[in-house]
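Enquirer: Structure incoming, see below.
2 protein chains.
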Amino acid sequence: MLVSRTSQYAVQALIYMATQPSAAPVLNKDIASRLGVPAPYLAKILQSLAKGNLLFSFRGRLGGFCLREGGDKITLMQILLLTEGPTFTQTCLLGLKKCSDETACPLHFRWAPVKKKIIDLLEETTLEKLAKAVETGKYRLADVPGNLFDEIKA
Amino acid sequence: MLVSRTSQYAVQALIYMATQPSAAPVLNKDIASRLGVPAPYLAKILQSLAKGNLLFSFRGRLGGFCLREGGDKITLMQILLLTEGPTFTQTCLLGLKKCSDETACPLHFRWAPVKKKIIDLLEETTLEKLAKAVETGKYRLADVPGNLFDEIKA
DNA sequence: TCCTATCTAGATATATATATCTGGATATTC
DNA sequence: GAATATCCAGATATATATATCTAGATAGGA
Numbered sequence: 000m001l002v003s004r005t006s007q008y009a010v011q012a013l014i015y016m017a018t019q020p021s022a023a024p025v026l027n028k029d030i031a032s033r034l035g036v037p038a039p040y041l042a043k044i045l046q047s048l049a050k051g052n053l054l055f056s057f058r059g060r061l062g063g064f065c066l067r068e069g070g071d072k073i074t075l076m077q078i079l080l081l082t083e084g085p086t087f088t089q090t091c092l093l094g095l096k097k098c099s100d101e102t103a104c105p106l107h108f109r110w111a112p113v114k115k116k117i118i119d120l121l122e123e124t125t126l127e128k129l130a131k132a133v134e135t136g137k138y139r140l141a142d143v144p145g146n147l148f149d150e151i152k153a
Numbered sequence: 000m001l002v003s004r005t006s007q008y009a010v011q012a013l014i015y016m017a018t019q020p021s022a023a024p025v026l027n028k029d030i031a032s033r034l035g036v037p038a039p040y041l042a043k044i045l046q047s048l049a050k051g052n053l054l055f056s057f058r059g060r061l062g063g064f065c066l067r068e069g070g071d072k073i074t075l076m077q078i079l080l081l082t083e084g085p086t087f088t089q090t091c092l093l094g095l096k097k098c099s100d101e102t103a104c105p106l107h108f109r110w111a112p113v114k115k116k117i118i119d120l121l122e123e124t125t126l127e128k129l130a131k132a133v134e135t136g137k138y139r140l141a142d143v144p145g146n147l148f149d150e151i152k153a
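Just so you know, the sequences run in chain order A and B. Position 84 (the first sequence) corresponds to 83 in numbering that gives the first Met the number 0; numbering is contiguous. Position 50 (the second sequence) corresponds to 49 in numbering that gives the first Met the number 0; numbering is contiguous.
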């Protein structure tokens, strides 16, 4: 497992929001149903993303969640730093608490260039790019393609 | 988290075994104490590695664990396929159950080359290489450098 | 003002990974 | 054969991640 389920839900949700018109807030339950993900759990994740300033939340009728202004430019790295914790790029593959250039595990220097590729990818991949990819219709955001009821309504 | 703690313990233990003279079996409790890892848990892991034919086990007095013949050539990939499960290289970053070139998530093709780097590393990195690195004394296998008692005895 | 729909916060429940315990099987030594 | 040291297998315990529940706060509309 590369990242937690929480992170996966977070990224999926944010990509979905980036594909939606930014005027109206998006409802937690709509995101959850679109992604086929448990709504109460997703709500918790969206709350923490809001606390992390990746999105705005509005209560009451007509409430919901919006990407912050310029949210298109949010990178995967920014999301994962929130959901996986601020040290997730620094963890040692072997699990050592201390593993740096000075005091390294035997994998450290072999892993370093690969890790750099991962970090580069996470930093250069924005919600905008991913949302555009989804909008072409060639890529899937979720396993189940929404529930039938939603599809018929739309 | 890139791999589970179980996988980390497994790799650490196997590297350690590769640094030991292959004649005599290595004891679970010695590995555990050297790595600073819970012995009963490590025992379970070693058992599964033995079932996966990465090492031999011997019961009774003078028992213990040995790398199988040619065990030096075991790769990280072989280990992780056992400890993470046979599909761990195929899992989708976003968590989709189905994510292949035909039916892909929006990250699929961006992730593919990075994933290839990871797989290449895992497949080309053998216990032999890692053991040699450790034997130079420049690299650490564990956080705690064995317990003092062991060091004094040695 | 009242009703409804949303997010919010904290408590609770469930599943999974991690860790431990217990009794037994096996092999060596005496 | 008895004593000891190891691995083995299954049951149990604990910690963490995942998921749900409940009551409340907020905002809009009738």
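Where is the CB? At the ideal position from N, CA and C, for every residue including glycine. Source: prediction; values computed, not measured.
1) Would residue 66(B) pass as a contact of residue 54(B) if the rule is Cβ separation under 8 Å?
2) Check residue 103(B) in the structure and name its three-state DSSP category.
3) Would residue 52(A) be called buried (16 or more neighbouring beta carbons within 10 Å of its own) or exposed?
4) How is the beta strand (DSSP E) around residue 54(A) delimited, first residue to last?
5) Taking only beta-carbon positions, decide if residue 43(A) is within less than 8 Å of chain B.
6) Identify, in the order they occur along the chain, each residue of the same chain with its Cβ nearer than 7 Å to the Cβ of residue 79(B), setting aside the five sequence neighbours on each side.
7) Find the residues of chain B that neighbour residue 15(A), judging by a C-beta separation of less than 8 Å, and give them in chain order.
8) Got a sec: which bits of the stretch 119 to 138 of chain A sit with their beta carbon under 7 Å from any beta carbon on chain B, in order along the chain?
9) What in chain A is Cβ-close to residue 7(B), meaning under 7 Å?
10) Taking a contact to mean a Cβ-Cβ separation below 8 Å, would you say residue 38(B) touches residue 105(A) in this structure?
11) Is the beta carbon of residue 33(B) less than 8 Å from the beta carbon of residue 95(A)?
12) Using beta carbons (cut-off 8 Å, strictly below), is residue 102(B) in contact with chain A?
13) By the DSSP assignment, the alpha helix (DSSP H) with residue 80(A) in it spans what residues?
14) Leaving out the 5 sequence neighbours to the left and right, which residues in its chain are closer than 6 Å to residue 42(B) when beta-carbon positions are compared?
15) From the DSSP output, which residues share a beta bridge with residue 125(A)?
16) Answer with yes or no whether the minimum CB distance from residue 116(A) to chain B is below 8 Å.
17) Buried or exposed for residue 10(B), please, with buried defined as at least 16 other CB atoms from any protein chain shown within 10 angstroms of its CB.
18) Return yes when the Cβ of residue 12(A) is within less than 8 Å of the Cβ of residue 61(A), no when it is not.
19) Would you list, in chain order, the members of the stretch 69 to 90 of chain A that have their beta-carbon closer than 9 Å to a beta-carbon of chain B?
20) If you run the structure through DSSP and keep just helix, strand and coil, what is residue 36(A)?
21) Go ahead and label residue 15(A) buried or exposed: buried means 16 or more other beta carbons lie within 10 angstroms of its beta carbon, across all protein chains shown.
22) In terms of alpha-carbon separation, which member of 71(B), 36(B), 99(B) lies closest to residue 20(B)?
23) Buried or exposed, going by whether 16 or more other CB atoms sit within 10 Å of the CB of residue 40(A)?
24) How about residue 97(B) and residue 142(A): are their beta carbons less than 8 Å apart?
25) Cα separation between residue 58(A) and residue 31(A)?
Expert: Taking the geometry as given:
1) Contact: yes.
2) Strand.
3) By the 10 Å Cβ count, residue 52(A) comes out exposed.
4) Taken as a continuous stretch (DSSP letters only), the beta strand (DSSP E) holding residue 54(A) covers 54 to 57.
5) Not closer than 8 Å to any Cβ of chain B, the Cβ of residue 43(A) fails to qualify, so no.
6) These residues qualify, in order along the chain: 2, 6, 87, 121.
7) Residues of chain B passing the Cβ test: none, with the nearest at roughly 11 Å.
8) Within the stretch 119 to 138 of chain A, contact with chain B at the beta-carbon level (separation under 7 Å) is assigned to 120, 124, 129, 132, 133, 138.
9) Listed along chain A, the residues sitting closer than 7 Å to residue 7(B) by beta-carbon distance are 93, 94.
10) The answer is no: Cβ separation not under 8 Å.
11) Residue 95(A) sits away from residue 33(B), with the two beta carbons spaced by 8 Å or more.
12) Cβ-Cβ to chain A under 8 Å: yes for residue 102(B).
13) 75 to 82 is the span of the alpha helix (DSSP H), which, as asked, contains residue 80(A).
14) 27.
15) DSSP, once it has assigned bridges, lists 74(A) as partnering residue 125(A).
16) So, interface residue.
17) By the neighbour-count rule (16 or more Cβ atoms within 10 Å), residue 10(B) is buried.
18) With respect to the 8 Å criterion, residue 61(A) and residue 12(A) are not classified as neighbours on the basis of their beta carbons.
19) Within the stretch 69 to 90 of chain A, 75, 83, 87, 90 place their CB atoms closer than 9 Å to a CB of chain B, listed in sequence order.
20) Assignment of residue 36(A) by DSSP, reduced to helix, strand and coil, places it in the coil class.
21) The residue in question, residue 15(A), is buried, as its Cβ has 16 or more Cβ neighbours within 10 Å.
22) Distance from the Cα of residue 20(B) is smallest, within the candidate group 71(B), 36(B), 99(B), for 71(B).
23) Residue 40(A) is exposed by the Cβ-count criterion.
24) Yes, these two residues count as a Cβ contact at 8 Å.
25) For residue 58(A) and residue 31(A), the distance between alpha carbons rounds to 18 Å.
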